[in-house]
Each structure stands twice: as structure tokens, then as C-alpha cells.
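Novice: Counting from 1, one number per residue, gives the positions in the sequence shown under full-length UniProt numbering. Don't be surprised by glycine CBs; every beta carbon is placed ideally from N, CA and C. Small disclaimer: the values here were computed from a predicted structure and weren't measured.
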Amino acid sequence: MPSAEPAPYLPPATQPVRGAVWAIHLVLPMLGLWLLLANDSVNIPWQHNPSHFWLIVAVAGINVALGLMISEASRRRRDARLFLVSMVFLSSAGFFFMHGLATPMIILHTGSLGFDIGQQVGLSAAAAFAFASALPLGEQAAARVLGAQQVIRAALVGFMVVWGVASLVPGLTALSEPPSLTPVPWLAWGSIPGLLLYAAASVMMFLIHRRRPSAMLISLITAYALLAESMVAGMSQLNWHLSWWEWHLLLTLAFVFVAYSAYLQFRREGSSAGLFDSVTLAATVRRIRQDYDRALEELVEAVRRGEPLAATRLSGKFRLNESQVAVLDRAGAALANERELSARLAALVDVSARTKVGLPEDELLASSLERVRQAYGDVKIGLVADGRTQVGSREYAFTGDLLARAGEPIRRDHRLAFPLTVKGRLAGVLEVPIGRTNQDEALAATLAGQLSLSLENARLYRELHTLFHQYMSPDVAHALLADPAQAALGGELRELTALFADLKGFTTFSEKVTPGEIVEMLNRYHTAAVPCILDNGGTIVQFVGDALLALFNAPAAQEDHARAACRAALAMQQAAAEVAEEMAWKRVDDVPWPTFRVGINTGPALVGNIGSPELRGFNAMGDCVNVAARLEGVAEPGTVVIGETTLKQLGEGATVSPLGRLSLKGKEELVAAYVLTSLP
1 MPSAEPAPYL
11 PPATQPVRGA
21 VWAIHLVLPM
31 LGLWLLLAND
41 SVNIPWQHNP
51 SHFWLIVAVA
61 GINVALGLMI
71 SEASRRRRDA
81 RLFLVSMVFL
91 SSAGFFFMHG
101 LATPMIILHT
111 GSLGFDIGQQ
121 VGLSAAAAFA
131 FASALPLGEQ
141 AAARVLGAQQ
151 VIRAALVGFM
161 VVWGVASLVP
171 GLTALSEPPS
181 LTPVPWLAWG
191 SIPGLLLYAA
201 ASVMMFLIHR
211 RRPSAMLISL
221 ITAYALLAES
231 MVAGMSQLNW
241 HLSWWEWHLL
251 LTLAFVFVAY
261 SAYLQFRREG
271 SSAGLFDSVT
281 LAATVRRIRQ
291 DYDRALEELV
301 EAVRRGEPLA
311 ATRLSGKFRL
321 NESQVAVLDR
331 AGAALANERE
341 LSARLAALVD
351 VSARTKVGLP
361 EDELLASSLE
371 RVRQAYGDVK
381 IGLVADGRTQ
391 VGSREYAFTG
401 DLLARAGEPI
411 RRDHRLAFPL
421 TVKGRLAGVL
431 EVPIGRTNQD
441 EALAATLAGQ
451 LSLSLENARL
461 YRELHTLFHQ
471 YMSPDVAHAL
481 LADPAQAALG
491 GELRELTALF
501 ADLKGFTTFS
511 EKVTPGEIVE
521 MLNRYHTAAV
531 PCILDNGGTI
541 VQFVGDALLA
551 LFNAPAAQED
561 HARAACRAAL
571 AMQQAAAEVA
581 EEMAWKRVDD
591 VPWPTFRVGI
601 NTGPALVGNI
611 GSPELRGFNA
621 MGDCVNVAAR
631 LEGVAEPGTV
641 VIGETTLKQL
651 GEGATVSPLG
661 RLSLKGKEEL
671 VAAYVLTSLP
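Right, dumping it as C-alpha cells:
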């Protein structure tokens with residue numbers, strides 16, 4: 001059976017049990033109101049003016065304090081939602097306070113009509129702000145709200161002042177008339193929009209809480225629900241009855257609930273700076289997190305630089321207490337050490353990656369040292385010179401067991417020195433600063449080992465590069481260094497262009513001169529000819545006495561290999577002519593200086609490693625190569641003879657002289673040949 005999928009995560013306040021308890025707490029007041037309204041014998045009247053007045057003053061004071069705290073948080077965070085939430089508390093507190101001032105025997109002997117309906121009006125105004133506060137405001141809408149906050153505050157204060165004057169100045173308006181003995185019909189219906197706005201605000205705030213769980217959001221949702229319930233309780237208009245006192249109690253609970261939650265969060269965090277951050281808009285939350293990230297980066301960098309009291313400098317900005325500063329200092333130090341460890345591990349990986357085929361030793365060490373210094377600090381390397389291992393004025397001697405135990409450093413001047421070895425012999429020394437953590441020494445030893453491997457590989461590749469390139473074409477050498485499996489016996493059929501060249505008159509010349517002069521002459525010619533082939537992408541596969549064989553399009557692929565071979569041949573003839581002219585004084589009696597002749601042909605050939613498991617060589621076999629050798633044999637000294645297949649691939653523009661169809665050794669059919677004199 002497939003395993004059951006795990007239950008989705010629910011924030012604590014929305015888990016089934018806690019959610020049910022929370023719902024019961026909100027349902028109980030409504031149940032109590034229903035019982036009071038349904039039983040006149042229970043819903044008894046009780047009028048005590050001083051208790052009513054001082055209750056209103058105390059609760060309004062708490063409400064104003066909350067509103068001002070949230071308003072300050074809005075200003076500090078530049079958040080429109082916090083501003084709108086603060087207006088919920090300030091508007092309800094203002095009308096609640098004016099309701100208290102209209103208490104009979106306080107200012108007016110009998111109270112006023114405003115005493116009856118003022119709180120419902122205030123709660124309706126607060127409901128509009130509550131609904132607006134729950135909206136997912138975009139950046140432009142939030143900016144408009146913040147830009148108009150002074151106007152909104154002024155309008156609210158002006159409305160409350162006008163309402164207060166109209167309700168408290170005797171005989172001025174109908175609101176200052178004595179309270180009605182019968183319920184005001186339109187007041188109940190006029191409260192319904194406010195109820196709907198509170199309900200919508202509560203639902204939207206709950207959705208925010210689902211995405212961003214927060215105790216303060218739950219407190220705010222509860223407050224909105226209690227404010228809505230207080231409106232329901234006030235719709236009965238049974239002044240001084242227990243049902244009437246209930247909505248006073250619900251208002252008190254709404255404000256005290258948020259105040260108590262703020263107090264608990266203050267106790268837990270030890271600061272008031274972030275009490276209401278969880279209520280803010282998503283854009284503000286992102287901005288706060290970015291601020292925290294930047295502050296943490298600043299702290300980590302300060303710790304890495306060894307600056308004292310790094311977190312203390314941030315305490316003022318974020319209003320941290322001493323305990324939080326201490327914890328932040330320890331966390332910053334731990335994070336700095338972790339990042340330093342990660343940086344050093346990354347440097348080790350980079351040093352390993354820099355060990356490339358053909359990278360010169362000095363370039364390898366310079367690039368590795370530059371990368372390592374970014375993670376390890378002032379790292380220095382000294383190579384053995386004249387039998388001494390020295391870094392600056394400090395000389396190190398790694399002998400015997402100390403060299404064998406490469407992980408054990410020499411400590412000197414707050415630095416650790418590790419030996420660098422090549423094939424078990426001392427090749428240099430690595431100096432690193434002493435680190436702060438226990439892993440630093442082990443990482444430095446690992447770095448020394450990696451640099452030793454890199455140094456040994458660089459020197460090995462340099463030796464192989466020199467050896468390979470002196471005895472084979474660069475293309476073959478590079479291919480074997482990159483993939484030694486290519487040295488396996490075998491081959492493949494490939495179209496290529498073969499170039500054969502030898503020195504006409506070599507035999508006669510060699511009979512008249514000493515062996516040393518023969519070698520000198522051959523080296524001079526090949527020194528001039530070889531670059532012409534390599535510069536055009538050719539691969540020289542054979543030197544046989546005075547002759548050489550070069551391939552184009554093997555092993556490295558070339559799109560225009562026939563043209564490349566012909567360019568190389570013409571360049572060879574020009575270079576050989578210059579050598580012959582320079583060495584004219586070397587001629588013996590009437591023996592002329594040998595002259596290159598070249599044959600070129602294009603076609604399929606078997607290309608690969610040919611020989612035995614003990615000794616092999618890269619070569620090409622096939623009719624194409626044999627024809628090139630025969631064309632070289634019929635070429636006049638100083639000329640280049642090409643086959644018909646080569647000429648076809650040259651296209652238009654090549655200057656040739658036809659030799660007709662020739663009978664070549666080993667070929668039953670006649671072969672068309674041409675003397676090539678120039679290429680465009």
C-alpha cells in the first residue's frame with residue numbers, strides 16, 4: 001500500500017484543537033448576549049455613572065496608547081497597514097471616550113442622544129479602517145495611503161471634535177438632546193455595514209496569518225471579531241441593562257487582548273522595536289528582512305575583522321537589549337567562522353581545479369595564491385632555491401620526521417609553515433596566518449597537500465609537454481595528454497590531405513660533405529619547413545632522412561584541409577629558398593644545395609596508432625598517401641605537385657600548370673597532376 005501523505009503544516013493558532021478553543025471564546029459572548037436578550041428577568045438594569053465613566057476613561061487610555069505605539073511603528077517602518085491599524089484603535093478610542101464624556105451627571109445632567117449612538121458610529125468608522133488595513137495593498141497604493149496620512153488623521157480628529165461639540169453642548173443640535181426612551185430604528189440597520197467590514201477584515205487577516213503565522217496577527221483578528229460582537233451587543237440599545245454593559249466589556253477585552261499580546265511579545269523579545277512587524281505589508285516584511293540581512297552581514301564582517309563589540313553598534317538601530325546583543329555576538333562569531341570555513345573549502349576546490357594540463361608552474365602558483373589569499377589571508381609561498389627554503393627573511397628547514405609528517409607545521413611569528421613536496425622531496429614552503437578555529441590548522445595542512453600535488457603535476461606536465469612536443473606533432477601530443485586512451489592501437493577511415501616532401505639532390509650532397517654538415521643542413525631545412533606545416537594546422541607524422549610526411553584533417557579536424565596543405569607547401573618552398581640562399585657559401589665544388597620538392601593528394605585513408613603494444617606511432621595508410629608520395633617523386637625541385645582531388649577542393653583562383661595524366665608506380669590507372677604556383 002502506498003504510504004499516506006503527511007498532513008499539511010498548520011500554524012499553532014489554526015491547529016484544530018486550538019482553533020476550536022479560540023472559536024468557543026468568540027462564540028460565548030454571543031451566546032451570553034442571546035440569553036440576556038431572551039430573558040428579561042436576567043437582563044436586569046444597573047446604572048452606576050462613575051463606574052461607567054472611569055471604565056471608559058481607562059479603556060480609552062489603553063486604546064490610545066496602543067494606537068500611538070502602532071502609529072510610531074508605522075512611521076518607523078514606513079508601512080501603510082500599520083497606519084491603518086493604528087487608526088482603528090484611535091477612532092474607536094476617540095468615540096469611546098466621547099461616549100464616556102456623555103455619561104449622565106458628568107457633563108450633562110441627563111446625558112444626550114450622542115451618548116446612545118456615538119459608539120456605534122465610532123465602531124463603524126473603525127470598521128472601515130480595519131477593512132482597509134487587511135487589504136493586500138501594492139506599493140503604489142501603500143505610498144498613496146502614507147502620503148495622505150496627515151489628511152486622514154486631521155479628518156478623523158475634525159469629525160470627532162464636531163461630533164463631540166454637537167453631542168455635549170446643550171441645545172446645539174439634536175445629538176445634545178436627552179437620550180431617547182425608545183430604540184433608534186435606523187441605528188441597528190446602520191450597524192450592519194460595519195459588521196460586514198469587520199467580518200471581511202478578520203477573514204483577510206486570517207489568510208495573512210496562514211501565510212505568515214504570528215501571535216500578534218491572531219490578537220488583531222480576535223480584536224476585530226470582538227469589536228464586531230460589541231456592535232451586535234450595542235444594536236439592542238437597552239441602556240444600562242446587562243446586555244448594554246456586555247458591549248462595554250467586549251470593547252475592553254478587544255483592546256486589552258492586543259495590549260496583553262504586545263506585552264508578552266515585549267517580555268519575550270526584550271524590545272518594542274519589532275512588536276508589530278508581523279502585521280506589516282509583504283513589501284515591508286521583505287524590506288525588514290533585507291535590513292536584518294545587511295545588519296547580519298555587517299556583523300559577520302566586523303567579527304571576521306576582529307572588531308570588538310560588533311553587535312553593540314547594531315543595538316541602537318534595532319533596539320536590542322544586553323542579552324540579545326550577547327546572543328547576536330555569539331551567533332555572528334559562529335556564522336563568521338562557518339563562512340570562513342566554507343570560503344576555505346571553496347578555495348581548496350578552486351586550487352584543485354587550477355591543476356590543468358600545460359599550465360606553467362609560475363602561472364599555476366600565482367593564480368592559486370591569489371585565490372587562496374581571498375580565503376586564508378596573507379598566504380605566502382617560497383620555493384627551494386640554491387638548497388634553501390626561505391620566505392622573506394624567514395628560513396625553514398624541514399628534515400627527517402618533520403618532512404615525513406607533512407601535516408605538522410612549524411610555528412613562527414603567528415604563522416604556520418607547511419612543507420611543499422614533489423615526489424617526496426622538499427620543493428618549497430607554504431606560510432599561512434594562524435586562524436581562530438580548530439579546523440584552520442587542518443585546512444591549512446590540506447591546502448599544503450593540494451598545492452604540493454598541483455606543483456608536482458605542473459612539473460610533470462611540463463616535462464611531458466617538452467618531451468612529447470619534441471618527438472611528435474602538437475596536435476597528437478595534446479590529444480594524448482588529455483586522453484591517454486587515444487594511444488590505443490587501432491584506427492578509423494577519414495578523408496585527409498597528405499603532404500610528402502623531400503630534398504632533391506640530398507644523396508649527392510651527402511656524399512660530398514661531412515656527417516656534421518649533413519645534420520646541420522637537414523636541421524636548417526626542417527627548422528624552416530616545420531613551422532609552415534604547424535601554422536597551417538598540419539600534423540607531422542614522419543621524418544625519414546631528408547623526407548617528411550604531414551597530414552591535414554587528422555587527427556585534428558579541419559574544414560578546408562586541402563587549401564591548408566597547399567598554403568603550407570608554398571610557404572615551405574619559399575622558406576627553403578631563403579635557407580638555400582643564406583647557405584650558398586656551404587656548397588661543395590659544383591654540388592648544388594638540396595632543394596625541396598612537394599607532393600600533395602586528398603582522399604580517404606586509414607588513420608590511427610599503428611605498431612605493437614610495446615612500440616607504436618601515429619600514421620596514415622591508403623592510396624591517398626601513396627599517390628602523394630608518387631607525386632612528390634615526379635615534382636621538379638622547388639615545385640609543388642598536387643592531385644586532381646586536391647585541385648577540386650581548392651576551388652577557383654588557384655594558379656596551376658597541368659602535367660597531364662601520369663603513370664605512377666603502383667597505379668594501374670593514369671593520375672592527373674598539376675604544378676601549383678599560387679593561391680589567392
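(1) What separation, rounded to the nearest whole angstrom, lies between the Cα atoms of Ala529 and Glu441?
(2) Taking C-alpha atoms, which residue in Thr639, Glu578, Thr646 lies nearest to Pro604?
(3) Pick out whichever of Leu451, Thr507, Ala547 has its Cα sitting closest to the Cα of Tyr525.
(4) Quick check: the Cα distance between Leu679 and Arg344, rounded to an integer number of angstroms?
(5) Do the segment 629-645 and the segment 660-675 make contact, defined as three or more Cβ pairs closer than 8 Å?
(6) Check each candidate in Glu408, Glu668, Arg286 and name the one with the smallest Cα separation from Glu139.
(7) Would you kindly check if the distance between the Cβ of Phe131 and the Cβ of Val228 is under 8 Å?
(8) Short of 7 Å in beta carbon distance, which residues of its chain neighbour Ala93, apart from the five on each side in sequence? Order them along the chain.
(9) DSSP has Arg411 in a bridge; who is on the other side?
(10) Is the segment 512-524 in contact with the segment 565-575, if contact means three or more CB pairs nearer than 8 Å?
(11) Just verifying my parser: in three-state terms, what is the DSSP assignment at Met621?
(12) Let me know if Gly599 comes out buried or exposed under the rule of 16 or more other beta-carbons within 10 Å of its beta-carbon.
(13) Tell me where the alpha helix (DSSP H) around Asn609 begins and ends.
(14) I need the boundaries of the alpha helix (DSSP H) containing Val519, first residue and last residue.
(15) Could you have a look at Leu676 and say whether DSSP puts it in helix, strand or coil?
(16) For the segment 146-164 against the segment 202-215, are there 3 or more C-beta pairs whose distance is under 8 Å?
(17) Nearest to Thr539 by alpha carbon, out of Thr280, Ala620, Ile70, Glu511?
(18) Ala375 and Ala417 - do their beta-carbons sit closer together than 8 Å?
(19) Mind checking Leu430: buried by the 16 CB within 10 Å criterion, or exposed?
(20) Taking 8 Å as the threshold (C-beta atoms), are Leu659 and Val641 in contact?
(21) Could you spell out where the alpha helix (DSSP H) holding Ser86 opens and where it closes?
(22) Determine, using beta-carbon pairs with one atom in the segment 447-464 and one in the segment 493-505, whether at least three such pairs fall under 8 Å.
(23) Does the beta-carbon distance from Thr421 to Ser393 come in below 8 Å?
(24) Using alpha carbons as the reference points, say which of Arg373, Phe159, Phe500, Ile208 lies closest to Leu137.
(25) For Gly424 and Pro531, I'd like the C-alpha separation in whole angstroms.
(26) Let's see if you can read the secondary structure: which residues bound the beta strand (DSSP E) around Gly382?
(27) Skipping 5 residues on each side, what residues in its chain have a beta carbon closer than 7 Å to that of Met160?
(28) List, from N- to C-terminal side, the beta strand (DSSP E) runs of 3 residues or more that fit wholly inside the segment 544-577.
(29) Let me make sure I understand the geometry here. Which of Val169, Ala134, Met216, Trp163 has the alpha-carbon closest to that of Leu197?
(30) Within 10 Å of its beta-carbon, does Glu340 have 16 or more other beta-carbons around it, so buried, or fewer, so exposed?
(31) On the three-state DSSP scale, how would you describe Asp362?
(32) When we look at the beta-carbon of Asn523 and count the other beta-carbons within 10 Å, is it buried (16 or more) or exposed?
(33) Who are the near neighbours of Gly666 in its chain, counting only those whose CB is closer than 8 Å to its CB and skipping five residues on each side?
(34) Between Val232 and Ser191, what straight-line distance do the alpha-carbon atoms span, to the nearest angstrom?
(35) Tell me, please, which residues DSSP counts as bridged to Ala430.
(36) DSSP puts Tyr396 in a beta bridge; with which residues?
Specialist: The relevant details are as follows:
(1) 56 Å
(2) Thr646
(3) Ala547
(4) 57 Å
(5) With a cut-off of 8 Å on Cβ pairs, the segment 629-645 is in contact with the segment 660-675, counting three or more such pairs.
(6) When each option's Cα is compared against that of Glu139, the closest is Arg286.
(7) Before going on, a small fix: residue 228 reads as Ala here, not Val. In this structure, Phe131 does not lie closer than 8 Å to Ala228 by Cβ.
(8) Ala60, Asn63, Val64, Gly67
(9) Leu416
(10) no
(11) strand
(12) buried
(13) From DSSP, Asn609 is part of no alpha helix (DSSP H) but of the beta strand (DSSP E) over 595-611.
(14) 515-535
(15) strand
(16) no
(17) Ala620
(18) no
(19) buried
(20) yes
(21) 80-101
(22) no
(23) No. Outside cutoff.
(24) Ile208
(25) 39 Å
(26) Going by DSSP, Gly382 is part of the beta strand (DSSP E) stretching over 380-383.
(27) Gly94, Phe95, Met98
(28) 547-552
(29) Ala134
(30) buried
(31) helix
(32) exposed
(33) Asn626, Arg630
(34) 8 Å
(35) Inspection of the sequence shows that residue 430 is occupied by Leu rather than by Ala. DSSP lists Ile381, Phe418 as partners of Leu430.
(36) Tyr396 pairs with Thr389.
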